[in-house]
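Below is one structure, written out as structure tokens; the observations come after it.
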Amino acid sequence: MSSYIQLETDESLATELCSPLPRERVIFTYAMNAITFSLTGLALIPLISILWQIIVRGISGLQSDMFVKAVIDNGFGNAILGTIIMVVIGSLLSIPTGIMTGIFLTEFGETNSITSIVRFITSILTGVPSIVVGVFAYGVIVLLTKGFSAIAGGFALAVIMLPVIILTTEESLKLIPTSQRLASAALGGTRFQTTFRIVVTAAIPGITTGILLAIARAAGETAPLIFTALFSLDWSEGLLSPTASLPVLIFNLYNDPDPQKSQLVWTTSIVLLGLILCVSILSRLVISQRRIK
């Protein structure tokens, strides 16, 4: 008797699931889809318009020799090199520190009283204006070394990148199932081995995404570099001398009445976007190759 009732219940559920939706629900679904697509298109309008203006105004002035000329010669080669150098310095300072801090917060700091303090400070740092970071780096590095430099600029970018890397690393590690940790422990893995061979390895795509977000943000920052690296119209003399960068070049020359300098600003904007795009594509390729293996 019970099996018969169960069979009838299954048949009624199957009939209900296969029956078409009521007209009101169909209309509501289409209406919500239409609103979603409309709002998505509305949100994309500013982004597309900005990209269109940059491409249209900048592509006409793009020449191959501009990549090897300094700003003083109507090029941006020194600004590209300066941006890369300062982003690399910032990455070398922030990526290891950020990843290790994120690992500590997730895997080793559950019972540590310092964990909540570190997480609170990290959350505050994400909302600190970049100009405040520039003033901080000016007081710590520029006044200490008595000069503007690429190292000071890299330090400022590291401070900006650090909280992004910490929080994304922490969230990526939290997404790894606890069952993987328990399986590693059941096979005799130590806490250290489980963390770095199992958990961190599985979270590499998410950690890489966080690093890319931090690099993309740092590469476009202007205010911290004005206070730390300043600017240079010619090639930099070293890491301890004023260094040009793409964002500061755009900031300094945007209101220049010279038509060549105005055109250089738009062309530099294309190059800055292209650098960020290349980094993103390269990282995606690395992640996809790792997944294939």
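Residue numbering for the sequence shown follows my numbering, beginning at 35 and increasing consecutively.
Backbone N, C-alpha and C fix where the C-beta goes; we use that ideal spot for every residue, glycine too.
query	result
What distance in whole Å lies between the Cβ atoms of residue 111 and residue 102, which are believed to be in contact at a cut-off of 8 Å?	5 Å
Any idea if residue 74 is buried or exposed, counting beta-carbon neighbours within 10 angstroms, 16 or more meaning buried?	exposed
Who are the Cβ neighbours of residue 267 in its own chain at under 7 Å, not counting the five residues just before and after it?	104, 105 and 106
Check whether the Cβ atoms of residue 149 and residue 139 sit closer than 8 Å, and answer yes or no.	yes
Just checking my contact of residue 88 with residue 283 at CB under 8 Å: how many whole Å lie between their CB atoms?	Residue 88 to residue 283, Cβ: 14 Å. No contact.
Please look up how many angstroms separate the CB atoms of residue 129 and residue 245, rounded, as I've assumed it's under 8 Å.	6 Å
Return the chain-ordered ranges of every alpha helix (DSSP H) run that is complete within the segment 147–185 and spans a minimum of 4 residues.	148–160 and 164–171
Leaving out the 5 sequence neighbours to the left and right, which residues in its chain are closer than 6 Å to residue 231 when beta-carbon positions are compared?	none
Is the beta carbon of residue 203 closer than 8 Å to that of residue 136?	yes
Identify which residue in 80, 109 and 59 has its Cα closest to the Cα of residue 295.	109
Please work out which residues of its chain come closer than 6 Å, Cβ to Cβ, to residue 189, disregarding the five sequence neighbours upstream and downstream, and give them in chain order.	171 and 175
Taking the beta carbon of residue 173 as the centre, do at least 16 other beta carbons fall within 10 Å, making it buried, or is it exposed?	exposed
Can you tell me which of the three DSSP states residue 232 falls into?	helix
Within 10 angstroms of its Cβ, does residue 98 collect 16 or more other Cβ (buried), or is it exposed?	exposed
Below 8 Å on the Cβ atoms is my guess for residue 191 versus residue 120; work out the distance and round it to an integer in Å.	6 Å
What's the C-alpha gap between residue 66 and residue 197?	37 Å
Please classify residue 260: does DSSP put it in a helix, a strand, or coil?	helix
Would you give the residue range spanned by the alpha helix (DSSP H) that residue 131 belongs to?	111–137
Ignore the nearest five residues each way along the sequence and tell me which others in residue 91's own chain have a CB closer than 6 Å to its CB.	300
Taking all protein chains shown into account, decide if residue 212 is buried (16 or more other Cβ within 10 angstroms of its Cβ) or exposed.	exposed
Which stretch, first to last residue, makes up the alpha helix (DSSP H) that contains residue 61?	57–92
Should residue 317 and residue 242 be called a contact, given that it needs their Cβ atoms to be closer than 8 Å?	yes
Measuring alpha carbon to alpha carbon, tell me which residue in 68, 310, 273 and 293 is nearest residue 248.	310
Please say whether residue 141 and residue 233 have beta carbons closer to each other than 8 Å?	yes
Within 10 Å of its beta-carbon, does residue 258 have 16 or more other beta-carbons around it, so buried, or fewer, so exposed?	buried
Suppose contacts are defined by Cβ-Cβ distances below 8 Å. Is residue 265 in contact with residue 286 by that definition?	yes
Pick from 276, 302 and 250: whose alpha carbon is nearest that of residue 315?	250
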